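Have a look at the structure below, then the notes.
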């Protein structure tokens, strides 16, 4: 944080604050926006307002550490996440205007999709077609082929999203 103040002599003083964190933090620093459970591999993914996706062991015993790893490549809030391709890939939507494709097991970013012009708010995955839809505050919805990572269609209407059934297989606009 950087603030400016004038002192009695009229000169500007600067106050600088830094947030110093552990090399390997095991908790989110801010709120969590989305969760995705992978019951087959015993993992829980959490998308945070600290721009980090964290991976947790959902089948832990009391002697095990629940934290597995962090996936850091966004530079703003991670708003939504979906697992696809049989749990091999995780897709994330962020306020940094990107959609990222991750290797869900190893935790590295495989690709960054940059078609939105404003915050990307929601994702939906159609398992039977291997397609993901992304919706953003730029009033756009993009439909992606998960295997080729190409945009199939786009809609530029006002986008509002809701989950009627609790599943993430539909986006309504």
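Residue numbers (this note's numbering): 20 to 192.
Cβ atoms here follow ideal geometry from the backbone N, Cα and C, with glycine treated the same way.
What you are looking at is a predicted structure, and each value in this text was computed from that prediction instead of being measured.
When we look at the beta-carbon of residue i and count the other beta-carbons within 10 Å, is it buried (16 or more) or exposed?
i           : result
residue 127 : exposed
residue 67  : buried
residue 51  : exposed
From the DSSP output, which residues share a beta bridge with residue i?
i           : result
residue 119 : 111 and 131
residue 155 : 139
residue 75  : 63 and 86
residue 54  : 65
Check whether the Cβ atoms of residue i and residue j lie closer than 9 Å to each other.
i           : j           : result
residue 99  : residue 135 : no
residue 168 : residue 162 : no
Excluding five sequence neighbours on each side, which residues of the same chain lie with their C-beta closer than 6 Å to the C-beta of residue i?
i          : result
residue 69 : 47, 48 and 49
residue 55 : 64, 100 and 102
residue 73 : 65 and 89
Going by C-alpha distance, which of the options is nearest residue i?
i           : options               : result
residue 58  : 154, 105, 163 and 125 : 105
residue 91  : 60, 45 and 76         : 45
residue 141 : 125, 160 and 130      : 160
residue 124 : 107, 77 and 84        : 107
residue 152 : 130, 129, 137 and 111 : 111
Which residues in the same chain have their Cβ closer than 8 Å to the Cβ of residue i, if we skip the five residues on either side of it in sequence?
i           : result
residue 184 : A caution first: residue 184 carries a pLDDT of 47, below 50, which makes its placement in the model too unreliable to give a value.
Going by beta carbon distance, what residues of the same chain come within less than 7 Å of residue i, once the five residues before and after it are set aside?
i          : result
residue 94 : 70 and 115
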